[in-house]
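Notes to accompany the following structure.
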Amino acid sequence: MNDRVVVAGAVYDQGRLLAARRSAPPELAGRWELPGGKLEPGETGEQALVRELREELGVEVEPLERIPGEWPLKPGYVLQVWTARLVSRVPAPLEDHDELRWLGPGENGTVDWLDQDRAAVAEAMRRLPSGAAPDETARGGSAPDGVFCDGTAPTRGPSGGAHR
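Put into structure tokens, the structure is as follows:
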């Protein structure tokens, strides 16, 4: 039996990793993950990642490399993670999430990650690029420190949405 693949993005911008807080289902709500979703028939992992992040966060990303390995999720599903560079737009929690946060080096312990994402997040943090490229500030790709990607300050949002 083949497991169904769920893709997730280790989205990097200005030396930080994007974390997304789940809004549903109840057993996952309030926990953090790398954003992504299910691979659809006929899609490559990279294509699924681009589609999912466009749908969930309203952004365009460039997949860079697949992080070696896969991590079990619920029975019948495995997680595969790609590093990705934010190409355009500021991420916003449009679907499946109620909050986004950029995490710098050593900040991965500041959010309550889903248990099944922890090993993948550790690998993603090891690959965290250092610093901002000169053109990234000019294009407005990230929120400033202390502000979430949607421009708001930290709050607890309402629940709602669907599981990956």
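The sequence shown begins at 595 in the working numbering and counts up by one.
Beta carbons are placed, not taken as given, at the ideal position from N, Cα and C, and that holds for glycine.
The structure displayed is predicted, hence computed values, not measured ones.
- Counted as a single uninterrupted DSSP element, the beta strand (DSSP E) harbouring A602 occupies residues 598–607.
- Taking a C-beta distance under 8 Å as the contact criterion, L673 and P685 do not qualify as a contact pair.
- Between L667 and V655, the C-beta spacing is not below 8 Å.
- Looking at the DSSP output, R679 sits in a beta bridge with Y606, E656.
- Going by C-alpha positions, W676 is about 6 Å away from I661.
- Separation of D597 and R610 (C-alpha to C-alpha, rounded to the nearest whole angstrom) is 31 Å.
- In the displayed model, R625 falls within coil according to three-state DSSP, outside both helix and strand.
- In the same chain as L722, and ignoring 5 residues on each side of it, the C-beta atoms closer than 7 Å to its own belong to Y606, G609, L611, P699, in chain order.
- Taking 8 Å as the cut-off, the beta carbon of A614 is found closer than this to the beta carbon of H691.
- Sixteen is the threshold: since fewer than 16 other Cβ atoms of the shown chains lie within 10 Å of the Cβ of V681, the residue is exposed.
- Relative to the Cα of A713, the nearest Cα in the group E640, G663, P657 belongs to G663.
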